[in-house]
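Heads up: the structure comes next, in structure tokens.
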Amino acid sequence: MNSTARNTWTLFAWPDGIRVKVFNGNLERALVVMQRKMQSTGMERLINRQETHHIKNSEKCVLARQKLEQKLRSQDLARTLKAILIKKVR
Numbered sequence: 001m002n003s004t005a006r007n008t009w010t011l012f013a014w015p016d017g018i019r020v021k022v023f024n025g026n027l028e029r030a031l032v033v034m035q036r037k038m039q040s041t042g043m044e045r046l047i048n049r050q051e052t053h054h055i056k057n058s059e060k061c062v063l064a065r066q067k068l069e070q071k072l073r074s075q076d077l078a079r080t081l082k083a084i085l086i087k088k089v090r
């Protein structure tokens with residue numbers, strides 16, 4: 001092994017390949033880069049979303065209501081934008 005092969009490691013953290021190279025053993029810098037890449041791809045959100053503790057039924061109801069409200073707002077916005085686009089086409 002040559003010295004560059006010993007000092008360079010690649011971390012695969014996502015199916016399409018988040019790769020972080022460690023140059024000259026600078027692991028702290030590589031971890032900062034990895035965290036930035038994880039945040040930009042949304043992988044950190046996916047990891048945090050996984051539940052590792054019990055959620056009470058009342059909390060589930062609140063979360064379900066919030067999700068439904070968000071879905072309805074999204075659908076309403078989509079209908080509004082569709083109406084605007086139809087008016088522009090005519």
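Position 34 of the sequence shown, counted from 1, bears residue number 34 in this note's numbering, the numbering being contiguous throughout.
Positions of the beta carbon are idealized from the N, C-alpha and C atoms, including for glycine.
Query raised in the report: Distance, Cα to Cα, Asn48 vs Leu68?
Result: Within the sequence shown, residue 48 is the residue found at index 48, counting from 1. Within the sequence shown, residue 68 is the residue found at index 68, counting from 1. The alpha-carbon of Asn48 is positioned some 21 Å away from that of Leu68.
Query raised in the report: Going by other Cβ atoms of all chains shown within 10 Å of its Cβ, with 16 needed for buried, is Val32 buried or exposed?
Result: Start at 1 with the first residue of the sequence shown, and residue 32 comes out as number 32. Counting the other Cβ atoms within 10 Å of the Cβ of Val32 gives fewer than 16, which makes it exposed.
Report task. Assign Ile73 to one of three DSSP states: helix, strand, or coil. Result -> On the sequence shown, position 73 is the one that residue 73 refers to. The sequence shown places Arg at residue 73, rather than the Ile named in the question. Three-state result, Arg73: helix.
Query raised in the report: Since Thr41 and Ile18 are thought to touch, with beta carbons under 8 Å apart, how far apart are those beta carbons, to the nearest angstrom?
Result: Taking the sequence shown and counting its residues from 1, the one referred to as residue 41 is at position 41. Taking the sequence shown and counting its residues from 1, the one referred to as residue 18 is at position 18. Right, their Cβ atoms sit about 7 Å apart.
Report task. Could you tell me which residues DSSP pairs with Arg45 in its beta bridges? Result -> Your numbering for residue 45 matches position 45 in the sequence shown. Beta-bridge pairing links Arg45 to no other residue.
Query raised in the report: Helix, strand or coil for Lys21 per DSSP?
Result: Your numbering for residue 21 matches position 21 in the sequence shown. In the three-state reduction of the DSSP assignment, Lys21 falls in the strand class.
Requested in this report: Determine the burial state of Val62: buried for a count of at least 16 other Cβ atoms within 10 Å of its Cβ, exposed for fewer.
Outcome: Taking the sequence shown and counting its residues from 1, the one referred to as residue 62 is at position 62. By the Cβ neighbour-count rule, Val62 is exposed, with fewer than 16 other Cβ atoms within 10 Å of its own.
Requested in this report: Could you tell me the distance, in whole angstroms, from the CA atom of Asp76 to the CA atom of Gln70?
Outcome: In the sequence shown, the residue the question calls residue 76 occupies position 76. In the sequence shown, the residue the question calls residue 70 occupies position 70. Cα to Cα, the separation comes out at about 10 Å.
Report task. Determine the DSSP secondary structure at Thr52, reduced to helix, strand or coil. Result -> Here residue 52 corresponds to residue number 52 of the sequence shown, with the count starting at 1. Thr52: coil per DSSP, three-state reduction.
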